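Here the structure comes first, spelled out in structure tokens, and everything after it is commentary.
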Amino acid sequence: MPNDDNIFERLEGFRIDLDGRFEWSLRLTADQATVRDNIVFWLDAGVTPAQEPGALPFTSLLEQVGSPSAIRNIWEARCRCCLHQGLGFSASGASDWRLYLHRQSKPFYGDEYTVYHWPPRPWQQATRYSFFFFPETPSGETPENWIHPALLPVYRKFQSEELLQAISGFWLRRNHAGVDQVCLTFPWQPAVQTYLGVLKGFVTGAAARKVLRGYASHHFRHISFATSRQQTPTLTLYFSGTPDKRPRDMEELQSSVQVDARRCDKLLQACLPKIDVSEREPAERLESFYTPGDIDVWSKALGRDMHYHFGLFTEEDDLEAIWNDAPFERGVSELIPYIPAGSKVYDLGCGWGGPAAYLAKAHGCDVTGITASRAQFRYCDALGLKCRYGDMETTLPPGRFDILLMLESLEHVEDKASLLKTLRQFGSRLVIRTHCQEGDADGTAFNGTMHLVSAQELKALLQACGWKITHWSNRREASMPTVEIWHKRLCTIPPQNDEHFEAWRQFCSKIMRYPEEWASSHPLIEAVAELEWSEPPPP
285 MPNDDNIFER LEGFRIDLDG RFEWSLRLTA DQATVRDNIV FWLDAGVTPA
335 QEPGALPFTS LLEQVGSPSA IRNIWEARCR CCLHQGLGFS ASGASDWRLY
385 LHRQSKPFYG DEYTVYHWPP RPWQQATRYS FFFFPETPSG ETPENWIHPA
435 LLPVYRKFQS EELLQAISGF WLRRNHAGVD QVCLTFPWQP AVQTYLGVLK
485 GFVTGAAARK VLRGYASHHF RHISFATSRQ QTPTLTLYFS GTPDKRPRDM
535 EELQSSVQVD ARRCDKLLQA CLPKIDVSER EPAERLESFY TPGDIDVWSK
585 ALGRDMHYHF GLFTEEDDLE AIWNDAPFER GVSELIPYIP AGSKVYDLGC
635 GWGGPAAYLA KAHGCDVTGI TASRAQFRYC DALGLKCRYG DMETTLPPGR
685 FDILLMLESL EHVEDKASLL KTLRQFGSRL VIRTHCQEGD ADGTAFNGTM
735 HLVSAQELKA LLQACGWKIT HWSNRREASM PTVEIWHKRL CTIPPQNDEH
785 FEAWRQFCSK IMRYPEEWAS SHPLIEAVAE LEWSEPPPP
């Protein structure tokens with residue numbers, strides 16, 4: 285029988301799924317560097333701990349580590365509505381067990397971790413983690429609002445990492461008393477060595493520095509910062525990975541996690557494109573242009589669901605019924621054949637969230653949007669939609685998606701080739717509807733925020749960037765009544781002190797003077813494209 289005092293020997297009897305992750309951590313203060321006794325084995329909820337014959341389900345694992353029946357009953361009742369489940373234990377063999385259940389709560393920015401401890405008797409600790417993409421929360425707050433003053437120099441160094449700003453964000457951990465921890469997450473898992481200088485600036489004790497240097501080659505996934513509510517400024521580095529084999533002791537666990545994390549870092553660093561977030565001028569111009577004067581006015585003009593894109597009309601639509609939103613909803617629903625139900629969708633240029641809300645509610649899609657407008661970001665957040673504030677040209681999609689959706693947003697991108705190449709790393713299908721312009725006229729429009737290309741140029745761009753076009757259609761004829769509807773709606777609203785709103789009014793008025801000529805020279809191209817190359821295109 286395994287020695288009960290050695291948790292690794294005890295776990296040797298269980299066939300733990302090697303697709304799960306082990307997590308350990310290193311806690312730093314100014315004069316101490318301590319490997320924490322707490323280890324967590326994480327597994328996606330609803331997954332059995334091993335798929336091969338004879339594998340034990342998670343509930344059997346709980347039973348065999350001595351969990352009370354109350355803990356197993358809790359797991360049975362709640363695991364199916366969770367994203368992840370974790371078993372926490374003491375590396376030293378102390379009698380200290382924890383069941384972690386991670387679920388997503390509403391509104392979207394709320395991930396709740398409930399921890400159940402035993403022995404002696406089960407007790408519960410609920411902690412809420414809220415994730416936000418950089419640079420800020422919907423209310424405009426940044427991590428600096430909470431982090432302990434002594435840790436701000438360390439935070440600022442980490443936060444200046446361009447890749448972190450482009451692809452990731454921060455977690456706020458809340459308990460009953462408020463925010464007590466800020467955590468930065470690094471999807472590519474950099475080595476401690478990368479930030480050793482700034483960490484040593486905080487860790488001043490000689491013995492602590494020696495311990496820290498010993499872990500310089502290890503790759504971490506998260507770093508947490510104590511908040512100003514806590515007396516002692518503390519940093520915690522979290523290391524996470526999937527071992528090739530079951531670890532037999534703490535040293536072997538750390539080593540195997542390091543190997544997996546290093547592999548992850550190498551793979552992602554090789555795939556992720558370089559992003560220069562310092563080139564902000566075009567994005568700042570777009571953000572300024574899209575900052576509304578009065579959201580209620582926009583709501584009146586756009587309608588209940590705030591669909592800020594051309595609609596698609598049929599012969600049955602009554603153009604005198606100017607407040608009918610059905611054609612604008614149809615502008616999204618007619619893309620459904622190219623977006624399978626339940627797809628994970630990245631909506632680039634999501635606007636006021638009309639298409640995202642439709643895809644989520646009517647089609648079961650998991651939609652994440654990005655907008656360059658703070659006002660639109662906050663509006664979408666208030667609706668409970670996943671949304672980030674940022675410029676699609678200087679950020680990266682947060683993970684891989686089934687569908688990359690650009691509904692009348694590609695025209696706002698100046699360097700289209702760069703974006704189309706970048707997106708190859710983050711999705712396998714591109715769904716686009718975009719305004720084009722034929723002829724020799726200046727391609728800028730809408731107060732300089734649009735950069736139009738011809739339909740042939742668009743087709744050549746997609747193909748040159750490694751996208752195979754599987755659907756191509758000009759939807760201008762079906763969309764043209766949109767301008768008349770918008771024009772009539774805008775005539776009911778007095779002039780506004782809002783550059784964007786008035787540019788929209790002028791745009792519609794200009795087209796109404798020569799609608800047929802404008803339509804013939806401005807196709808509305810709908811395209812679907814799949815990845816064509818097995819390797820990324822050359823830079």
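Residue numbers 285 to 823, in the numbering used here, belong to the letters of the sequence shown in order. Built from N, CA and C at the ideal position, the CB exists for glycine as well. Note that this is a predicted model, so its numbers are computed, not measured.
Measuring straight from C-alpha to C-alpha, what distance separates residue i and residue j?
{"i": "Val265", "j": "Pro427", "result": "No statement about residue 265 is possible, as the shown extent of the chain runs from 285 to 823 and does not include it."}
{"i": "Ala677", "j": "Lys743", "result": "In the sequence under discussion, the amino acid at residue 677 is Glu, which differs from the Ala named in the question. Cα-Cα distance, rounded: 20 Å."}
{"i": "Gly304", "j": "Asp328", "result": "7 Å"}
{"i": "Phe594", "j": "Gly648", "result": "23 Å"}
{"i": "Val715", "j": "Leu519", "result": "43 Å"}
{"i": "Ile323", "j": "Leu385", "result": "15 Å"}
{"i": "Glu347", "j": "Gln553", "result": "41 Å"}
{"i": "Thr652", "j": "Ser627", "result": "11 Å"}
{"i": "Tyr574", "j": "Ser353", "result": "56 Å"}
{"i": "Lys705", "j": "Glu741", "result": "15 Å"}
{"i": "Ile813", "j": "Thr754", "result": "Per the sequence shown, the amino acid found at residue 813 is Ala instead of Ile. Taking the straight line from one Cα to the other gives about 5 Å."}
{"i": "Glu786", "j": "Pro779", "result": "7 Å"}
{"i": "Gly372", "j": "Glu307", "result": "9 Å"}
{"i": "Asn731", "j": "Ala646", "result": "35 Å"}
{"i": "Pro391", "j": "Val463", "result": "At Pro391 the pLDDT is 46, less than 50, meaning the model places this residue with poor confidence and gives no usable figure here."}
{"i": "Glu816", "j": "Ala748", "result": "10 Å"}
{"i": "Val495", "j": "Arg320", "result": "13 Å"}
{"i": "Ile579", "j": "Asp631", "result": "21 Å"}
{"i": "Phe710", "j": "Pro621", "result": "21 Å"}
{"i": "Arg717", "j": "His696", "result": "12 Å"}
{"i": "Leu556", "j": "Ser351", "result": "43 Å"}
{"i": "Trp607", "j": "Arg773", "result": "8 Å"}
{"i": "Ser805", "j": "Glu722", "result": "5 Å"}
{"i": "Arg713", "j": "Cys671", "result": "20 Å"}
{"i": "Ile358", "j": "Ile623", "result": "37 Å"}
Here's a check: name, in chain order, each residue in its chain whose Cβ is nearer than 7 Å to the Cβ of residue i, leaving out the five neighbours to either side.
{"i": "Met764", "result": "Pro799 and Ala803"}
{"i": "Pro337", "result": "Reliability of the predicted coordinates at Pro337 is poor, the pLDDT of 39 falling under 50, and the value obtained from them is presented with this limitation in mind. There are no such residues."}
{"i": "Ala641", "result": "Asp589, Leu667 and Leu669"}
{"i": "Cys366", "result": "Ala329, Leu385, His386 and Arg387"}
Looking at the unbroken alpha helix (DSSP H) that takes in residue i, where does it start and where does it end?
{"i": "Glu761", "result": "Arg760 to Ser763"}
{"i": "Thr678", "result": "Here Thr678 belongs to no alpha helix (DSSP H), and DSSP marks it neither H nor E."}
{"i": "Trp607", "result": "Note, Trp607: premise wrong, no alpha helix (DSSP H); not H, not E."}
{"i": "Asp665", "result": "Arg658 to Ala666"}
Need the endpoints of the beta strand (DSSP E) that residue i sits in, please.
{"i": "Gly462", "result": "Gly462 to Thr469"}
{"i": "Met590", "result": "Premise fails: Met590 is in no beta strand (DSSP E) and is neither H nor E."}
{"i": "Asn459", "result": "Gly453 to Asn459"}
{"i": "Leu483", "result": "Element bounds for Leu483: not the beta strand (DSSP E) but the alpha helix (DSSP H), Leu480 to Phe486."}
{"i": "Leu371", "result": "His368 to Ser374"}
{"i": "Ala410", "result": "Trp407 to Phe417"}
{"i": "Val812", "result": "Leu808 to Leu815"}
{"i": "Lys628", "result": "Lys628 to Leu632"}
{"i": "Ile507", "result": "His506 to Ala510"}
{"i": "Gln388", "result": "Trp381 to Gln388"}
Can you name, in chain order, every residue of its own chain whose Cβ lies under 6 Å from the Cβ of residue i, other than the five neighbours on each side?
{"i": "Leu435", "result": "Phe509 and Pro517"}
{"i": "Leu667", "result": "Gly637"}
{"i": "Pro807", "result": "Cys720, Ala739, Asn758 and Arg760"}
{"i": "Thr655", "result": "Cys634 and Phe661"}
{"i": "Tyr393", "result": "Note that Tyr393 scores 49 on pLDDT, short of 50, meaning its location in the model is unreliable and no value can be drawn from it."}
{"i": "Thr679", "result": "Ala450"}
{"i": "Met796", "result": "His771"}
{"i": "Ala500", "result": "Val476, Gln477 and Leu480"}
{"i": "Glu810", "result": "Arg717, Ser757 and Arg759"}
Please list, in chain order, all residues of the same chain as residue i whose beta carbon is under 8 Å from its beta carbon, the five residues on each side excluded.
{"i": "Arg658", "result": "Gly424, Glu571, Thr575 and Tyr673"}
{"i": "Asp549", "result": "Trp472, Gln473, Pro474, Ala475 and His503"}
{"i": "Phe442", "result": "Leu448, Leu468, Tyr479, Val482 and Ile507"}
{"i": "Ser379", "result": "Pro403"}
{"i": "Thr411", "result": "Glu396, Tyr397, Thr398, Val399, Arg457, Arg458 and Asn459"}
Hey, residue i and residue j are a contact pair by Cβ (cut 8 Å); roughly how many whole angstroms apart?
{"i": "Leu596", "j": "Ile769", "result": "Not quite, the Cβ-Cβ distance comes to about 12 Å (not below 8 Å), so this is no contact."}
{"i": "Gln342", "j": "Gln369", "result": "It should be noted that the sequence gives Phe, not Gln, for residue 342. With a Cβ gap of about 6 Å, Phe342 and Gln369 count as contacting."}
{"i": "Arg547", "j": "Phe292", "result": "Arg547 to Phe292, Cβ: 22 Å. No contact."}
{"i": "Gln465", "j": "Thr526", "result": "About 25 Å separates the two Cβ atoms, so there is no contact after all."}
{"i": "Leu689", "j": "Val767", "result": "About 23 Å; that fails the 8 Å criterion."}
{"i": "Leu312", "j": "Phe470", "result": "Rounded, the Cβ-Cβ distance is 16 Å, inconsistent with contact."}
Taking 8 Å as the cut-off, is the CB of residue i close to at least one heavy atom of the ligand FAD?
{"i": "Glu360", "result": "Annotation note on the ligand FAD: not contained in the displayed structure, which lists no ligands."}
#### Entry: Cβ contact check for the stretch 582 to 593 and the stretch 630 to 638: 3 or more pairs under 8 Å
yes
#### Entry: Cβ contact check for the stretch 406 to 425 and the stretch 493 to 511: 3 or more pairs under 8 Å
Touching, no.
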